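S.K.: Pasting a structure below so you can have a look.
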Amino acid sequence: MLKAIFFATFDVTEGPKVLHQVPASSITASPSSPAIPLIHFPPIASLLIPHPTLCNNGLVTLTHSHHRILSYPQHIASPRYARNAYTFNFCLVLAEEADFGSYVPVVRKLNALFRTLEEQGQFLSRDGGGGGKVYALCEILLEDLNNYSEAMIPIDASNTLNVKLFPTYPPPPPLHAHHVPLATVRLAGLVDENWDLTMLRLLPWIDGVNSVKQIALLADADFKLVRKAIRHLLYYGCVLLLDIFSFGAIYAPTAEVAAFVESQAMQAECARYVALGHGDGLGAEEEGQGRAMSGTQLAELYLSLRQGHSVKSWCMEHADAAGRIDVRRFVTFGVIKGFLYRVHKYALATSIHRSGSRRLTKANFHRSKQGEGRKKERMGGGVENVDLGKYLDGTHCFDEICTDLMISEKELTARLKAWGDVQIICR
Amino acid sequence: MASYPLPPNPCLVAILLLVKTTSEPRIIFHYPPKPGEDNTHFTDMFKESPADDDSSSSSSDDESQDSSTEIPKPIEPKGENGTGKSTPEVDEYGSASPEKSDGLKGVKAKLQWNDLFGYQSSVLSKVLLPAVSCHKKRFEVGLNDKVFLGRPVFARPEGTWKKPRKPRRSSSKSDVTAEKVKDVREQGKGTKVETFDYANKDSGTSGVDTHLESQSDSHRDEDTLKKEDAIEDGEPVVQTPDTKSNRTSKSDMLPLIKEKQKPLAMFHVVFVLRPPPLEYHLRVKEMYDNVTKKLSKALKWEQTRSGYVARETAVITSLTKHMDKSNSEKQNLATLYHDIISRSSLAKAISTLYNSITASQIAHISLSPALSLSLQIPFPTSISILPTALAPQLPGLWLTTANSMPTDDDVQGNGPQLGAHFTLLLLSDLHSIMADINATASPITGPLTHYLRVTTSNESFLQISQSSGIPLTEIQFLASHLIYWRRARAIPPLHQRDVYIVSPNADMRNLATASQNFAKLFPALPPLPKILYMLSHTPRPYSALIPSKDHKPTYMDILAWLMRGGWVTQLRTFAWVRVPADIKEAVAKETVMNASRKKKFSETESTDETDTDTSSASSTNLSVPPPHTSSASPSPTSSTHTTLPIPQPTTPHTPSLIPNPRLASALPSRYLSALSAYVLNTQGVDAQSAWDICVNYFDGHHAIETIPVREGWKRKRVAELMGAWEGMGLVVRGKHW
């Protein structure tokens, strides 16, 4: 939220001077207005109208009396001016603790544009004080940015000021093939004809079940492009990342589970989400009303999930309850809300750690030779074991290995058994 | 997102020292020598130099070293051990001052000091010169992506740093400072005197009050600062036993400065940061609160006390002045820096600070014999929330909800100290910590070594205190000292019957190196992957891993090692009170009964009959013993429960959980008393008293594992009770960290 915009120049007789300010008297007090200025201009004047070497040299920000001033001082040297130079600065005033990242491009553009206009036709130096064009522009800009986060202000016949505040988000985390994207908004509703083709192809397959790799296969699109597209969605917070759900997977509560136990609203939300019904969870709301689980029951079910206990065995333990809910949605709900976490399995070939990689390659060679006969009779894949070796350093979870090698967990377990001294660590 | 801790990132680019005499402001020193460029050449060199300086006999070493490099020595080296010599140096500086400005310009041109981040030094110093109104306030100016952060300190309008004094009053005043204002009354007197003094001297100036206030404030600040330091680092912040003698010499000295040298009008240590845009506020605040502000306060204190900054300024400028004679620029700069850092304790402090803070370590700097302080940007030792795939990752950080600092609503909160039921986990091996402690002489060395000898991560502070005879408060003090210095971490005591799992936040990338270290430390035992594999099963007590009784100590060491590296975390049990349907039904019935009784009561005014009625009714329905129920619950509630919504008799009662039993409202508290009565009825008096205590832990935030430690019960007893209650459906358990 902008507090004020002001335009400062170097006055030939008075030195640094605030020529225009919106709202009135926000920077320098005037006898006509009772308003108290937000900041005290004289001590900071030398920074806002600085030494020429600091002008045209990038952003100058400063904090003063709990306000932050963004500015981009401009200095134009030309014999046409009184002291052979014209210095000006459009400054934005924000609260000190406010995020100012999105205003930086605005202040930069504002000053750069008017520098050009000034150089072309002395737009600023001819404007004069009082209620001129520049003042009107500051006024509109402040109002539009605060109300609509964007502004389009025509300046003259051929120039228009177009600015918009864009929020900055942190860069999305690395996306792996085994991540499962889940849309947080109705992506289909956002699509327009300008969207990327790969994106359009893959949108129907984002359902919280398919992994990135599966989406690429189903959409018949290049994996790298798919990954890039989904990272875009991640950046804008349109998708969440889940893990591949399977009944063999292990889930356990995190410390956040207390929030679920204590929040009746979350329990009710969960009850609606996990209720069995026809169609997509929305219709289920009315359908499942009679059979809906109580919040306490759900909480007890969540608390009964634990390490070392797969969803399958949990289902058998709670056959009665598990039959009345959508188990996948039940688990997913917990993962989305952050009170369940997936216990991933990691394989670690102890031989790697005992003595470097030389032995590993040797072992690989040895094993692929040794297991050749066995493999031939099963499927004839000769090189997979060599591939497998690089996943056995304890940093790759089973989901990742299975997705990359396109094998099932069962097969992976069998191969690891054949491999020999492999420790499986659950984390 | 913001709730997750972020990995440490000091984003410090440089530290500048800006001073202003009566003339222009100047950046007289900055570190590293070439900010924003590769400084490895210099840092390598400085790594050796502090070692020289650390020894107390450094001055002579330095001299010989210096003479070998043929650098003219204008002044005596000083700093750590040269307080007594300070007077002549000032004189020398004073005589040197006239030629200072032009001489310095030449140096600047040669050394390319004029080019700091592409800005002219003189321009930059004007930018960084704050207005006088910024005195002791946060100063923050951004140029492009760099932030210049500082806390400027100005001299008083008439050029002094202390309250103005007249000869006759100086003795009483120095007493005030010397005694560290022990006596409040005396302090009051001192302030009064100043007011008078001030009014006398510059009655015309406005803002006398604010100045005065800030001054006395600053004194208080510095006192607290000093105390803080003494507490925080436990460092031998020498409480200047010789203050009085010092003071006299200083009061001799200060006028000299005033006469012969342009007095220092302002100093400003500027921290140049380059924070990522998204973390701007966080990083800047971190640096300001933890480093910038504390350093500025300390310098102000020392400047007021002994003219420290002015003295150091003189040292640095006189050194830079003589440097224009050498030829090779790079060599020149390197030797110059070596020289400055070995001569000026302030320059050395700035370089130490820069090197430590950029490495996210603790910077221990000693400004003068009287003042040393340690600065660090604190780093979280644990997180309670497991970062999701989208959140910033901090692998290897200890994942736990166990907070060693008891919050005020803790069951047995005991002030802002470490919880008595925690213990210390040393983060490196005992020998290296011992060696470090013995290397630095400190008043707490003795107690610390004694404590370290008896400490164990298997017993709580309280137990250690009882067995060793060290008072608990002392243990807590020593432990927090070790924690502050990042040598240890407070954890719940390790116990072989507790459950430990592989931490979901373990840093698997370190597994290879960790395995090798593990094999070295614990040979002839299963390798690390095997241990982690054994901990990956269905959670079970750690004792299941221990093959025999003889192995127990070793396996407890392994556990401590695993905890230290964040490989495992304790799986703790949390419980909530569950109200079964039949209890609810009984309470509801009773409520109806009481309501009707009240009705009856108002009609017939007969008490005895209804009382027996209720009791008999409840006993048949509930199997709750009547006398207890009637004495415990109905009497206080009877006045209110008519206004409560009485549960609909038509809907069947379903069990529910009580989230916070200690702050339960009317209806849940009636359930609780009914449950208590139920426990008494089914399990007896012992179980009931246990229930009444345990109920406080059943809020989902207090681990059940803490009950035996806090209440001093046998683990077995708690386990049995919990099992029974869970079987009866009175308690729901969940496990996390």
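For the protein sequence lines, the chains are A and B, in the order given. Take 2 as the starting number for the first sequence in our numbering and just add one per residue. Take 626 as the starting number for the second sequence in our numbering and just add one per residue. Beta carbons: idealized from backbone N, C-alpha and C, even for Gly. Every value quoted in this text rests on a predicted model; they were computed, and no experiment measured them.
(1) Per DSSP, which residues does Gly767 (chain B) bridge with? Please list them.
(2) Less than 7 Å separating the beta-carbons of Ser1161 (chain B) and Cys427 (chain A)?
(3) Taking His1075 (chain B) as part of the alpha helix (DSSP H), name the residues at either end of that continuous run.
(4) Just to make sure I have the definition right: I need the residues of chain A whose C-beta is within less than 9 Å of the C-beta of Ile1010 (chain B). Which are they?
(5) Given a limit of 8 Å on CB to CB distance, which residues of the segment 1325–1347 of chain B reach chain A?
(6) Would you mind telling me which residues of chain B sit closer than 9 Å to Ala30 (chain A), beta carbon to beta carbon, in chain order?
(7) Could you check how far apart the C-beta atoms of Pro650 (chain B) and Leu754 (chain B) are, in whole angstroms? I think they sit under 8 Å.
(8) Restricting to runs no shorter than 4 residues, where is the alpha helix (DSSP H) found entirely within the segment 1140–1180 of chain B?
(9) If we define contact as Cβ-Cβ less than 7 Å, is Ser746 (chain B) a contact residue for chain A?
(10) Nearest by alpha-carbon distance to Gly1021 (chain B): which of B:Val772, B:Leu741 and B:Val1193 is it?
(11) Determine the direct distance from the alpha carbon of Leu60 (chain A) to that of Val164 (chain A), and round the result to whole angstroms.
(12) Consult DSSP for Trp196 (chain A) and reduce its assignment to one of helix, strand or coil.
(13) If distances are taken between C-alpha atoms only, which option among B:Arg1112, B:Glu1084 and B:Asn1083 comes closest to Ala1060 (chain B)?
(14) From the beta carbon of Ser295 (chain A), is the nearest beta carbon of chain B less than 7 Å away?
(15) What do you get for Leu1146 (chain B), buried or exposed, if any count of 16 or more other CB atoms within 10 angstroms of its CB means buried?
(16) Note down, one range per segment and in chain order, each beta strand (DSSP E) of at least 3 residues found wholly within the segment 144–229 of chain A.
(17) Could you compute how far the alpha carbon of Met153 (chain A) sits from the alpha carbon of Gly102 (chain A)?
(18) Checking the sheet assignment: what are the DSSP bridge partners for Arg651 (chain B)?
(19) Please list the partners that Gly767 (chain B) has in chain A, where partner means a Cβ-to-Cβ separation under 8 Å.
(20) Mapping DSSP to helix, strand and coil, what is Met891 (chain B)?
(21) Closest to Leu749 (chain B) by C-alpha separation, out of B:Asp740, B:Val757 and B:Ala756, would be which residue?
(22) For the candidate residues B:Glu927, B:Lys1209 and B:Phe773, whose alpha-carbon lies nearest to that of His1278 (chain B)?
(23) So, helix, strand or coil for Cys427 (chain A), using DSSP?
(24) To which residues of the same chain is Gly209 (chain A) closer than 7 Å at the C-beta, ignoring the five residues directly before and after it?
(25) Which residues of chain A have a Cβ atom closer than 8 Å to the Cβ of Lys1155 (chain B), listed in chain order?
(26) Tell me which same chain residues have a C-beta within less than 6 Å of the C-beta of Phe248 (chain A), skipping the five on either side of it?
(27) Consider the Cβ of His52 (chain A): report whether some Cβ of chain B lies at a distance smaller than 7 Å.
(28) Which term fits Gly1352 (chain B), buried or exposed, when burial requires 16 or more other beta carbons within 10 angstroms of its beta carbon?
(29) Establish whether the CB of Ser921 (chain B) and some CB of chain A are separated by less than 7 Å.
(30) Have a look at Ala1299 (chain B) and Thr1307 (chain B) and give me their C-alpha separation to the nearest angstrom.
(31) So, does the CB of Pro171 (chain A) fall closer than 7 Å to a CB anywhere in chain B?
(32) Taking the alpha-carbon positions, what's the Lys851 (chain B) to Ser991 (chain B) distance?
(33) What's the call for Gln22 (chain A), buried or exposed, on a 16-neighbour Cβ count within 10 Å?
(34) Pro1286 (chain B): buried (16+ other C-beta within 10 angstroms of its C-beta) or exposed?
(35) If we call anything under 7 Å between Cβ atoms a contact, is Leu1282 (chain B) one with Arg1203 (chain B)?
(36) Report back the beta-carbon spacing between Ile640 (chain B) and Phe896 (chain B) to the nearest angstrom; my notes put them in contact at under 8 Å.
M.R.: Walking through what the data contain:
(1) Note: Gly767 (chain B) sits in a beta bridge opposite A:Thr62 and B:Val772.
(2) In contact: Ser1161 (chain B) and Cys427 (chain A) (Cβ atoms closer than 7 Å).
(3) Boundaries of the alpha helix (DSSP H) around His1075 (chain B): Thr1070 to Val1079.
(4) Below the 9 Å Cβ cutoff, chain A contributes Thr255, Ala256, Glu257 and Gly339 as neighbours of Ile1010 (chain B), in chain order.
(5) Answer in chain order: Gly1325 and His1326.
(6) Within 9 Å Cβ-Cβ: nothing; Ala30 (chain A) doesn't reach chain B, min ~16 Å.
(7) Sure, about 4 Å apart at Cβ, within 8 Å.
(8) If we require 4 residues or more, the alpha helix (DSSP H) runs fully inside the segment 1140–1180 of chain B come out as 1153–1159.
(9) Answer no: the Cβ-Cβ gap between Ser746 (chain B) and chain A never drops below 7 Å.
(10) When each option's Cα is compared against that of Gly1021 (chain B), the closest is B:Val1193.
(11) Spanning the two alpha carbons is a distance of roughly 17 Å.
(12) Secondary structure at Trp196 (chain A): coil, using DSSP grouped into helix, strand and coil.
(13) Check the Cα spacing between Ala1060 (chain B) and each of B:Arg1112, B:Glu1084 and B:Asn1083: the tightest is with B:Arg1112.
(14) With a threshold of 7 Å between beta carbons, Ser295 (chain A) makes contact with chain B.
(15) Only exposed fits Leu1146 (chain B), as fewer than 16 other CB atoms lie within 10 angstroms of its CB.
(16) Correct list: 151–155, 161–165 and 181–184.
(17) Approximately 20 Å between the Cα atoms of the pair.
(18) Per the DSSP secondary-structure output, Arg651 (chain B) pairs in a beta bridge with B:Val644.
(19) Simply Leu60, Val61, Thr62 and Leu63.
(20) Reduced to three states, the DSSP call for Met891 (chain B) is strand.
(21) Put simply, of B:Asp740, B:Val757 and B:Ala756 the residue whose alpha carbon is nearest the alpha carbon of Leu749 (chain B) is B:Asp740.
(22) When only C-alpha atoms are compared, the closest one is B:Lys1209.
(23) When DSSP states are grouped into helix, strand and coil, Cys427 (chain A) belongs to the strand group.
(24) Excluding sequence neighbours, Gly209 (chain A) sits near Val181, Leu183, Leu243 and Thr333.
(25) Under the 8 Å cutoff, chain A gives Thr351 and Gln424.
(26) If you ignore the 5 residues before and after Phe248 (chain A), its C-beta comes within less than 6 Å of the C-beta of Val312 and Lys313, all in its own chain and listed in chain order.
(27) Nearest CB-CB separation between His52 (chain A) and chain B: below the 7 Å threshold.
(28) Under the 10 Å beta carbon count, Gly1352 (chain B) is surrounded by fewer than 16 other beta carbons and is classified as exposed.
(29) No, no contact with chain A.
(30) The alpha-carbon atoms of Ala1299 (chain B) and Thr1307 (chain B) are separated by roughly 12 Å.
(31) Under the 7 Å criterion on CB atoms, Pro171 (chain A) is classed as interfacial with respect to chain B.
(32) Any answer about Lys851 (chain B) is weak, because its pLDDT of 42 lies below 50 and its placement is not dependable; what the coordinates show is given next. Cα to Cα, the separation comes out at about 13 Å.
(33) Answer is buried; the Cβ neighbour count reaches 16.
(34) Buried, because 16 or more other Cβ atoms sit within 10 Å of the Cβ of Pro1286 (chain B).
(35) Yes, these two residues count as a Cβ contact at 7 Å.
(36) Contact holds; Cβ gap of about 6 Å.
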